[in-house]
Amino acid sequence: MDSQSSRSFLRDDRSDARRKAANLRITGTDVSGEASGASCVITTDSEGRRLARQSSHVQSIELRTYVFLDSLQPQLASYMGTVSHGFLPIPGDACLWLEVSPGMAVHRVTDIALKASTVRLGQMVVERAFGSLALYHRDQSNVLHSGDVVLEAIASRVELRSRCEVTWTEIIRAITPDHAVLINRQNRRGSMIQAGMSMFILETEPAGYVLIAANEAEKSSNITVVDVKAVGAFGRLTLAGKEGDVEEAAAAAMRAVAQINAGARG
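Be aware that the sequence shown starts at 1, since it is given in the UniProt record's numbering, and climbs by one per residue.
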């Protein structure tokens with residue numbers, strides 16, 4: 001046999017071997033020779049590892065804030081609409097605010113929540129350390145269902161959310177005109193505060209807990225929502241009104257915080 005025939009024979013052998021191997025292996029996964037036809041579903045080794053990694057990543061998400069608002073109050077709903085980049089809330093909507101760590105994990109959580117029910121996404125914020133999102137719907141059960149699906153997916157429970165640490169709280173009575181002007185000129189999305197009003201300020205960690213404090217405060221008394229910052233390392237709430245109304249609102253806000261901590265991890 002001449003050299004040209006030998007090379008041709010070797011190439012044919014290699015081709016046959018490759019064809020046989022192709023029938024038995026797909027991207028590193030052995031496929032049973034008995035499995036055939038359209039009903040044969042093949043998951044490759046690489047796909048299996050990807051799914052395992054994905055599951056591991058989802059279950060490594062830390063739940064920092066889980067805040068369910070049964071009925072958004074008019075001022076808070078309007079305020080949240082001014083900072084929303086998604087669907088706008090309206091008064092009376094149920095709202096779920098979630099904050100997770102790490103920040104990029106909020107994309108996975110958002111995907112899970114939106115596919116679980118017909119909730120609308122009002123806001124999603126990705127920060128360096130934390131990520132937050134707001135879900136709205138007129139029907140409370142839809143919002144709660146999306147929340148339950150998220151908790152199950154990340155292997156968490158409401159009780160495992162972080163405690164609400166109050167880093168500052170104070171009532172300032174009869175603020176001066178200069179003070180009122182400076183507050184109004186800051187990056188404020190709510191109503192203006194007037195000289196002579198009393199002011200309640202609250203700072204929390206994590207940030208999202210100021211939302212339930214604001215909502216419960218507005219339910220309890222006739223106050224003005226000046227500012228509600230629910231993203232970042234700390235949440236900040238500023239309310240204003242008559243002295244008696246502000247004191248009543250402050251008490252309602254602190255009761256909401258105490259209720260959060262009663263069922264949160266230590």
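Don't be surprised by glycine CBs; every beta carbon is placed ideally from N, CA and C.
These numbers were taken from a predicted model, which means no experiment stands behind them.
- When only Cα atoms are considered, Ala253 and Thr118 end up about 30 Å apart.
- Assigned with DSSP and collapsed to three states, Glu159 falls in helix.
- Cβ-Cβ distances below 6 Å link Phe68 to Leu96 in the same chain, with the five nearest sequence neighbours on each side left out; the list follows chain order.
- For Tyr66 and Leu98, the gap between their C-alpha atoms comes out near 5 Å.
- If one requires a minimum length of 3 residues, the beta strand (DSSP E) runs lying completely within the UniProt domain "BMC circularly permuted" (62-164) are 62-69, 94-101, 120-126, 131-137, in chain order.
- Counting C-beta pairs with one atom in each stretch, the stretch 107-117 and the stretch 220-231 have fewer than three that are closer than 8 Å, which means they do not touch.
- Taking the CA atoms as reference points, Gln73 sits about 30 Å from Pro102.
- Annotation: the continuous beta strand (DSSP E) that includes Gly241 extends over 235-241.
- For Ser220, the enclosing alpha helix (DSSP H) begins and ends at 210-220.
- In the DSSP assignment, Ile223 falls outside any alpha helix (DSSP H), carrying neither H nor E.
- Under the three-state reduction of DSSP, Ile260 is assigned to helix.
- By the Cβ test, the stretch 224-231 is not in contact with the stretch 158-176, since fewer than three Cβ pairs between them sit closer than 8 Å.
- The beta carbon of Gly131 sits closer than 8 Å to the beta carbons of Glu99, Val100, Ser101, Pro102, Gly103, Met104, Ala105, Val106, His107, Val109, Met124, Val125 from its chain, once the five residues preceding and following it are set aside; these are given in chain order.
- Between Gly208 and Gly235 the beta-carbon gap is near 6 Å, inside 8 Å, which marks them as a contact.
- Look at Val231 here: in three-state DSSP terms it is coil, with no helix or strand label.
- When the Cα atoms are used, Lys242 and Ala153 turn out to be separated by approximately 46 Å.
- In the DSSP assignment, Ile201 falls outside any alpha helix (DSSP H) and within the unbroken beta strand (DSSP E) covering 198-205.
- Contact between Leu237 and Leu202 holds, with the beta-carbon distance rounding to 4 Å and staying under 8 Å.
- DSSP lists Leu202 as the bridge partner or partners of Thr169.
- Taking the CA atoms as reference points, Asn184 sits about 12 Å from Ala240.
- In the three-state reduction of the DSSP assignment, Arg185 falls in the helix class, which pools H, G and I.
- Annotated three-state conformation of Gly190 is coil, per DSSP.
- Asp245 is classed as buried because its beta carbon has at least 16 other beta carbons within 10 Å across all chains shown.
- Contact annotation, Ala180 with Ile193: C-beta distance approximately 5 Å; criterion of less than 8 Å satisfied.
- Counting the other Cβ atoms within 10 Å of the Cβ of Ala262 gives fewer than 16, which makes it exposed.
- Per the C-alpha coordinates, the member of Val231, Ala233, Val210 positioned closest to Arg255 is Val210.
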